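The block underneath contains the structure these notes are about, expressed in structure tokens.
There are 2 protein chains.
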Amino acid sequence: MSQHRFESAELLIIDGQQLDGSQPALLANLPGILRGEGIFETFLVINGEPTRLLAQHEARLRHSAELMGMELGEQGLMADAHQVLAALPPEGRWRVRYTVLRGHERRLVRMWTAGPVSMPPDQVSLLWSRYRQDPRDPLCAAKTTSRAKYQVAHAEAIEAGCQEALLPTVDGDVSECTAANLLIWHDGALRTPGLDRGILAGVTRALLLEGCQKAGIPAFEQKISQKLLCEAEEVFISNAVIGVIPVDKIKGLQDGYPGRSGAMLPRLRAAYPAALPDPPPPIPRQENS
Amino acid sequence: MSQHRFESAELLIIDGQQLDGSQPALLANLPGILRGEGIFETFLVINGEPTRLLAQHEARLRHSAELMGMELGEQGLMADAHQVLAALPPEGRWRVRYTVLRGHERRLVRMWTAGPVSMPPDQVSLLWSRYRQDPRDPLCAAKTTSRAKYQVAHAEAIEAGCQEALLPTVDGDVSECTAANLLIWHDGALRTPGLDRGILAGVTRALLLEGCQKAGIPAFEQKISQKLLCEAEEVFISNAVIGVIPVDKIKGLQDGYPGRSGAMLPRLRAAYPAALPDPPPPIPRQENS
């Protein structure tokens, strides 16, 4: 997953101004920079078409803002998206990120960055992390730029030959990966830790739960103990950029999950697009003048 | 304490270049900005004279770097300090901050910011925070720019009419404040949570422990339960900018600490300067040309 972590700012828009990403663009002493007071959302744009889940990303951004005490006002991800979408090339697979940093006094800095992204891997290995989530920490539900813990946990996973790290909770059950939710298939049902387990409310995770229900596949939230995780028949991770990826091992905990050869993988991947909302009206494209 | 949280960049030096703080100075897509991958140290410069504890700040910065997987190399706080010290005016009370942000590839961005700071309050009230520290999180010992949790906890303290927030551990004992260590006077000794309690190793905290020992005042690390905290005769917080400040209440937990009228306060304040190292050789000042 490391290739998905660093978007090059091939496209950079700050407060409505399209800028050259290779030039200094931000004041150095913003609270958003000095103290990690920022929130963000990331989604895919494929051949000029954004994810149909922009409203879900916007809702999560607003929840992050509320938890961080940042007042977004009317202006948000959807209201600001037309400019980045119009500026993206009509072809290719782009990872687009909307970041809102706290500025001075009550101002916010709203920033789009985007870069091309390759296809995700077809399976991943996880590292059982020594970093833990506190389910009682309200900020676990916020997607903030204060990501030092996740970056270090992820770097340790890479160092260990894995692609992602899986974080236990301080209570001894399982929360999430550094940039993805965890789901397991066990005893005839898809199961994923609930929102009270110190996790981010993944938009793809929600779509999977809804899509499975529509397809008649049992799917629900439940506390996942280490024991249950070890007994799982299949394990998956999900996020808005990679979709659903199967896991072949959790280093430090359990080997031998089926990974890409799992029987449920094709059923899940078939089920969740059915829960997607209708496509939005087309975005007017920027004309070359 | 809120007046101590936002340094204006009246002085800004990035990678050795003195810059105008009101102009954009940083690339927008640095990992240090997008993902909070940064470390920092803050200290006081009074009438041109920096704290005598620069070596301690440098050691902690290097520990933070190690925990974050950032390679500082030879260049560090002390090697870089001459420029900011030479550029500061010879009078006044300045809060100086050295920040190292992760840049692209293996590069680091080294940044000095400094602004005038007023005298700290003579006592503070704390809020018993709903945010908690995980003593098993190795990053608790790193001073990183991923400070969302501390900023939100601090904002809640201000909202509650307090000046700082005090964070319990997930184990139910006491860790630290959002930008200060906690110390209590109880049963004839100064006591403070140990470094295994999810706290930052405060340089003033260490100085206090050493200074008290030199002065024959019992002082040691120990786990501080909520019960012990409630039984404390006096409570203090400390950091490198405020020194030692007495506490008059912990909202949500206990009222009625003596604050500025505590009997131990003058003894502590008298004891710890004795543990300061000798002053360093004078820094050559920048001549006006």
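Protein sequence lines, in the order shown, are assigned to chains C and E.
When you read off a place in the first sequence, starting at 1, and then add 108, the result is the number in the numbering used here.
When you read off a place in the second sequence, starting at 1, and then add 108, the result is the number in the numbering used here.
Idealized CB from N, CA, C, for every residue including glycine.
Just so it is clear, the structure is predicted and the values come from calculations on it, not from any experiment.
Chain-order list of residues whose beta-carbon lies under 7 Å from that of E341 of chain E (same chain, five-residue window excluded) = Contacts found: W293 and H294.
ask   = Does the Cβ of E272 of chain E have 16 or more other Cβ atoms within 10 Å, making it buried, or fewer, making it exposed?
value = The residue in question, E272 of chain E, is buried, as its Cβ has 16 or more Cβ neighbours within 10 Å.
query = Is the distance from the Cβ of C285 of chain C to the Cβ of L235 of chain C below 7 Å?
reply = Not a contact, by the Cβ cut-off of 7 Å.
task = Would you mind telling me which residues of chain B sit closer than 8 Å to D245 of chain E, beta carbon to beta carbon, in chain order?
result = Here the protein chains are C and E, and chain B is not one of them.
request  = Output yes if chain E places a C-beta closer than 7 Å to the C-beta of E339 of chain C; else output no.
outcome  = Not closer than 7 Å to any Cβ of chain E, the Cβ of E339 of chain C fails to qualify, so no.
ask   = Which word fits Q111 of chain C, buried or exposed, when buried means at least 16 other C-beta atoms lie within 10 angstroms of its C-beta?
value = For Q111 of chain C, the predicted structure reports a pLDDT of 37, less than 50, and the residue's modelled location is therefore unreliable. A value from the coordinates is still provided. Exposed, since its Cβ has fewer than 16 Cβ neighbours within 10 Å.
message = Against chain E, which members of the segment 114-142 of chain C pass a CB distance test of less than 8 Å?
response = Answer set for the segment 114-142 of chain C: F114, E115, S116, A117, L120, I122, L127, G129, S130, Q131, P132, A133, L134, L135, A136, N137, P139, G140, I141 and L142.
query = Does the beta-carbon of Q164 of chain C have 16 or more other beta-carbons within 10 angstroms, so that it is buried, or is it exposed?
reply = Label assigned to Q164 of chain C: buried.
ask   = Where does P243 of chain E fall in DSSP's three states?
value = P243 of chain E: coil per DSSP, three-state reduction.
Bridge partner(s) assigned by DSSP for N486 of chain C = No answer is possible for residue 486 of chain C: the residues shown for chain C start at 109 and end at 397.
query = Going by the CB atoms, is the gap between P381 of chain E and R160 of chain E shorter than 7 Å?
reply = For R160 of chain E and P381 of chain E, no; Cβs fall outside 7 Å.
inquiry  = Here's the rule I'm using: 16 or more other beta-carbon atoms within 10 Å means buried, otherwise exposed. How should C248 of chain E be labelled?
reply    = The residue in question, C248 of chain E, is buried, as its Cβ has 16 or more Cβ neighbours within 10 Å.
task = Show which residues of chain C have a CB atom less than 8 Å away from the CB atom of A263 of chain E.
result = Against chain C, a Cβ distance below 8 Å from A263 of chain E picks out G177.
query = Under 7 Å between C-beta atoms, does V208 of chain C make it to chain E?
reply = Chain E, which has no Cβ nearer than 7 Å to the Cβ of V208 of chain C, makes this no.
inquiry  = Please list, in chain order, the chain C residues whose beta carbon lies closer than 8 Å to that of M219 of chain E.
reply    = Identification of chain C residues near M219 of chain E by a Cβ-Cβ cut-off of 8 Å yields A136, ordered along the chain.
Own chain residues within Cβ distance below 8 Å of E118 of chain E, not counting five before or after = Cβ neighbours of E118 of chain E within its own chain (closer than 8 Å, five residues either side excluded): G129, A222, G223 and P224.
Three CB pairs or more closer than 8 Å across the segment 327-339 of chain C and the segment 298-306 of chain C = As far as the Cβ criterion goes, the segment 327-339 of chain C touches the segment 298-306 of chain C, which means the pair count is three or higher.
ask   = Cβ of Q241 of chain C within 7 Å of Cβ of S172 of chain C?
value = No, these two residues do not count as a Cβ contact at 7 Å.
query = Which word fits I154 of chain E, buried or exposed, when buried means at least 16 other C-beta atoms lie within 10 angstroms of its C-beta?
reply = If you draw a 10 Å sphere on the C-beta of I154 of chain E, you find fewer than 16 other C-beta atoms in it, and that means exposed.
Among E:Q191, E:G184, E:G140 and E:D230, nearest to I345 of chain E - alpha-carbon criterion = The candidate whose alpha carbon is nearest that of I345 of chain E is E:D230.
ask   = When the Cβ atoms of the segment 203-215 of chain E are set against those of the segment 123-139 of chain E, are three or more pairs found closer than 8 Å?
value = Pairwise C-beta distances place the segment 203-215 of chain E in contact with the segment 123-139 of chain E, as three or more of them are shorter than 8 Å.
query = Residues bridged to A297 of chain C by DSSP?
reply = Partner(s): C:H294.
ask   = Would you say Q111 of chain E faces chain C, with C-beta separation under 7 Å as the test?
value = Note on Q111 of chain E: pLDDT 37, under 50, position unreliable in the model; no value is reported.
query = Does any C-beta atom of chain C lie closer than 7 Å to the C-beta of E272 of chain E?
reply = Among the CB atoms of chain C, none fall inside 7 Å of the CB of E272 of chain E.
query = Along chain C, in chain order, which residues have C-beta atoms closer than 7 Å to that of V278 of chain E?
reply = Within 7 Å Cβ-Cβ: D242 and V278.
ask   = Mind checking if S254 of chain C is an interface residue toward chain E, Cβ cutoff 7 Å exclusive?
value = Yes, S254 of chain C lies at the interface with chain E (some Cβ there is under 7 Å from its Cβ).
task = Could you round the C-beta distance between P326 of chain E and G296 of chain E to whole angstroms and report it? I think they count as a contact, below 8 Å.
result = P326 of chain E to G296 of chain E, Cβ: 6 Å. Contact.
Listed by chain order, chain C residues near G144 of chain E by CB distance under 7 Å = Residues of chain C with a Cβ closer than 7 Å to the Cβ of G144 of chain E are, in chain order, G144, T253, S254, R255 and A256.
ask   = Leaving out the 5 sequence neighbours to the left and right, which residues in its chain are closer than 8 Å to L127 of chain C when beta-carbon positions are compared?
value = Correct list, in chain order: L120, I121 and A133.
Residue range of the unbroken beta strand (DSSP E) whose run includes M101 of chain C = Here chain C has residues from 109 to 397 only, and residue 101 of chain C is not among them.
query = Of the residues C:Q321, C:G364 and C:A348, which one's Cα is nearest the Cα of E339 of chain C?
reply = Looking at the Cα atoms, C:G364 is the closest of the given residues.
request  = Give the DSSP bridge partners of S333 of chain E, in chain order.
outcome  = In the DSSP assignment, the residues bridged to S333 of chain E are E:D281.
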